[in-house]
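Here's the structure we're looking at; comments come further down.
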Amino acid sequence: HLRKELKLKKLGIKVLSLFFIDRVANYRNYDNGIASKGKFAQWFEQIYKELIVKPAYCQLNQYRVEQVHNGYFSEDKKGHIKDTSGDTLADDSTYNKIMKHKEMLLDINEPLRFIFTHTALREGWDNPNVFQICTLNETKSETKKRQEIGRGLRLAVNQSGVRCRDRNINRLTVIANESYNDFAKALQTELIEDCGVNFSGRIKQKRDR
Numbered sequence: 001h002l003r004k005e006l007k008l009k010k011l012g013i014k015v016l017s018l019f020f021i022d023r024v025a026n027y028r029n030y031d032n033g034i035a036s037k038g039k040f041a042q043w044f045e046q047i048y049k050e051l052i053v054k055p056a057y058c059q060l061n062q063y064r065v066e067q068v069h070n071g072y073f074s075e076d077k078k079g080h081i082k083d084t085s086g087d088t089l090a091d092d093s094t095y096n097k098i099m100k101h102k103e104m105l106l107d108i109n110e111p112l113r114f115i116f117t118h119t120a121l122r123e124g125w126d127n128p129n130v131f132q133i134c135t136l137n138e139t140k141s142e143t144k145k146r147q148e149i150g151r152g153l154r155l156a157v158n159q160s161g162v163r164c165r166d167r168n169i170n171r172l173t174v175i176a177n178e179s180y181n182d183f184a185k186a187l188q189t190e191l192i193e194d195c196g197v198n199f200s201g202r203i204k205q206k207r208d209r
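Residue 155 in the working numbering sits at position 155 of the sequence shown, with consecutive numbering throughout.
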């Protein structure tokens, strides 16, 4: 993510990463209505703090770590979305930023870059600037896998809302669990048959690049 952000920031393209997780509690816990960070949130902040202070990424070190990541979960519709206060204005702010106002999320000066979700963003959510999808879950349904991957199959837009058609920029990286291997092959085969798309040399395992 950070390497991509360094590359595309000068082009005015906001970079987003999306995490699908297996359990809401792994990112956010609720105890008597009080929210606290789950292990994924804690691990993310630890790793982010280690990386963002490296000389290569110093120009990206503009925000507090708590500002660059957040989550949206269907369970949060009970009224707990953003922080420990349970304040409805904060709840509405997070919901609108992630679910309604794409232009706000795509603003390069908006700190939020990493979004964690369980099921809420699999469908009905369309954001063109998702460049990384990390699946920290085990999705057995092919339909759900299609929905997850589909969150990143959009042409990126710059700060003027103009779509970028450069194939070197519009590249989706999926950090997947093993179950995705067969699914990816099947999906490619279907697209070849239905759309005549040629994937030869276009999808590669990172270790083989």
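Ideal placement from N, C-alpha and C gives every residue a C-beta, glycine not left out.
- C-alpha of glycine 12 to C-alpha of glutamine 159: approximately 5 Å in a straight line.
- Isoleucine 34 and asparagine 61 have their C-alpha atoms some 29 Å from each other.
- Take the alpha-carbon of glutamate 193 and the one of phenylalanine 199: they are about 12 Å apart.
- Here arginine 28 is bridged, per DSSP, to Lys37.
- Taken atom to atom, the span from the alpha-carbon of alanine 186 to that of valine 15 is near 28 Å.
- Bounds of the beta strand (DSSP E) holding leucine 16 are 16-21.
- Taking the Cα positions, asparagine 26 is about 12 Å away from phenylalanine 73.
- By the neighbour-count definition (other C-beta atoms within 10 Å, threshold 16), isoleucine 175 is an exposed residue.
- For glutamine 132, the uninterrupted beta strand (DSSP E) run begins and ends at 130-136, by DSSP.
- When DSSP assignments are scanned along the segment 141-191, the uninterrupted stretches of alpha helix (DSSP H) that are 4 or more residues long and fall wholly within it turn out to be 142-150.
- Sixteen is the threshold: when 16 or more other Cβ atoms of the shown chains lie within 10 Å of the Cβ of isoleucine 21, as they do, the residue is buried.
- Taking alanine 41 as the centre and dropping the five residues before and after it, the same chain places the C-beta of Tyr27 closer than 6 Å to its C-beta, in chain order.
- Per DSSP, the unbroken beta strand (DSSP E) holding isoleucine 115 starts and ends at 114-117.
- Separation of the CB atoms of asparagine 129 and leucine 106 is rounded to 6 Å, and the pair is thereby assigned contact status at 8 Å.
- Checking the DSSP bridge columns, you'll see histidine 69 partnered with Phe114.
- It is roughly 29 Å from the alpha-carbon of glycine 196 to the alpha-carbon of lysine 4.
- Counted as a single uninterrupted DSSP element, the alpha helix (DSSP H) harbouring leucine 6 occupies residues 2-9.
- Distance between glutamate 190 and phenylalanine 19, taken at the CA atoms: about 26 Å.
- Each residue's CA atom was taken as its position, placing tyrosine 30 and threonine 117 some 16 Å apart.
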